[in-house]
Amino acid sequence: MLIRVLSDIHANLPALEAVLADPAGGQCESTVCLGDIVGYGAWPAECMDAVLPLCDACVQGNHDAGVAGVEPLDRFNPAGRAAAEWTRSVLSPRNAGALAALPLVARFEGLLLCHAFPPDPSSFTYVLHPAVARACLEAFPDESMVIGHTHLPALWNGRGRASAGPSGDLPLPCVLNAGSVGQPRDGDPRAAWLLIDTEARTWRHLRTSYDIDRAARGIRSAGLPEVLWRRLYGGY
-8 MLIRVLSDIH ANLPALEAVL ADPAGGQCES TVCLGDIVGY GAWPAECMDA
42 VLPLCDACVQ GNHDAGVAGV EPLDRFNPAG RAAAEWTRSV LSPRNAGALA
92 ALPLVARFEG LLLCHAFPPD PSSFTYVLHP AVARACLEAF PDESMVIGHT
142 HLPALWNGRG RASAGPSGDL PLPCVLNAGS VGQPRDGDPR AAWLLIDTEA
192 RTWRHLRTSY DIDRAARGIR SAGLPEVLWR RLYGGY
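For the sequence shown, this note's numbering gives the first residue as -8, with consecutive numbering after it.
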């Protein structure tokens, strides 16, 4: 099955719309989401309404949990906390409830889906260092884990070594990071997403250009912190 993987959309509707319209995903048979649909950006409800009906599996990210009241906001940096508080103020009770109901872990077509750290999903630990990646690989030695949270596309193989190449085989075990649709942090401002072919056991990181000016205007109009729109231009 060819699966489109979205992560860390962060209420960036222009980026999400561009990714969903990208011809590279035209042959996809399924879509999954690794969480953080909301937070930082100006279109939380619109992104939820686009993503949740589309996805065959969706897990809860820390910003989803924070907005839903599951994760304490004192664990967020000031800009993230301000965005979460604003998002709470504009989301309907139905949408807030939908965020609260998302699972921390899901399995789909042989993939283990988690926003951050599969051994302890509620900790929202960042997989940025070999020791942390090895903890995942040792906890799930027979799994292909697909995660987000860091906003950095990467593959951690069974030896705990990272690669950020554009494509490759899907080994067992591995930790594959999809990057971020709505707020990339690897120096490339284009939306990042992932294609996985579960039959061929291959993956491909993709980038899609989108209207950053529109996304920035939305953040400014919402009165959210300046850093949240400025960083979109540099992908940091």
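The C-beta atom is built at its ideal place from N, Cα and C for all residues, glycine as well. Since the structure is predicted, the reported quantities are computational estimates derived from the model, not experimental observations.
For residue i, three-class secondary structure by DSSP
| i | result |
| --- | --- |
| residue 171 | coil |
| residue 103 | strand |
| residue 10 | helix |
| residue 232 | Here the chain comprises residues numbered -8 to 227, so residue 232 is not present and cannot be evaluated. |
| residue 188 | strand |
| residue 137 | strand |
| residue 97 | strand |
| residue 118 | coil |
Per DSSP, the bridge partner or partners of residue i
| i | result |
| --- | --- |
| residue 159 | 194 |
| residue 39 | Residue 39 pairs with nothing; no bridge assigned. |
| residue 49 | 24 |
| residue 249 | Coverage of the chain is limited to positions -8 through 227, which leaves residue 249 absent and any answer about it impossible. |
| residue 199 | 182 |
7 Å CB neighbourhood of residue i in its chain, flanking five on each side removed
| i | result |
| --- | --- |
| residue -8 | 20, 21, 100, 189, 190 |
| residue 35 | 2, 29, 78, 81, 82 |
| residue 130 | 109, 110 |
| residue 192 | 160, 161 |
| residue 67 | 57, 75 |
Proximity winner among the options, relative to residue i (alpha-carbon distances)
| i | options | result |
| --- | --- | --- |
| residue 56 | 78, 70, 44 | 78 |
| residue 141 | 150, 151, 134, 174 | 174 |
| residue 158 | -1, 86, 41, 184 | 184 |
| residue 125 | 119, 151, 117 | 151 |
| residue 182 | 164, 128, 197 | 197 |
| residue 176 | 192, 42, 221 | 221 |
| residue 167 | 180, 121, 144, 179 | 144 |
| residue 72 | 93, 32, 47, 95 | 32 |
| residue 89 | 137, 0, 49, 170 | 49 |
| residue 233 | 95, 76, 64, 164 | Since the first residue of the chain shown is -8 and the last is 227, residue 233 is not available in this structure. |
| residue 97 | 40, 46, 37, 128 | 46 |
| residue 43 | 23, 169, 164 | 23 |
| residue 219 | 169, 18, 127, 69 | 69 |
| residue 121 | 112, 165, 105 | 165 |
Contacts around residue i, its chain only, beta-carbon distance under 6 Å, and the 5 residues preceding and following it disregarded
| i | result |
| --- | --- |
| residue 115 | 53, 107 |
| residue 5 | 201, 202, 205, 206 |
| residue 13 | 199 |
| residue 195 | 158, 186 |
| residue 154 | 146 |
| residue 87 | 59 |
Cβ separation of residue i and residue j, assumed to be a contact under 8 Å, to the nearest whole Å
| i | j | result |
| --- | --- | --- |
| residue 162 | residue 148 | 6 Å |
| residue 25 | residue 10 | The pair is not a contact, with the Cβ atoms about 13 Å apart (cut-off 8 Å). |
| residue 51 | residue 93 | 4 Å |
Any non-hydrogen atom of the ligand ADP within 7 Å of residue i CB
| i | result |
| --- | --- |
| residue 117 | In terms of ligand content, the structure shown is empty, and the ligand ADP therefore cannot be addressed. |
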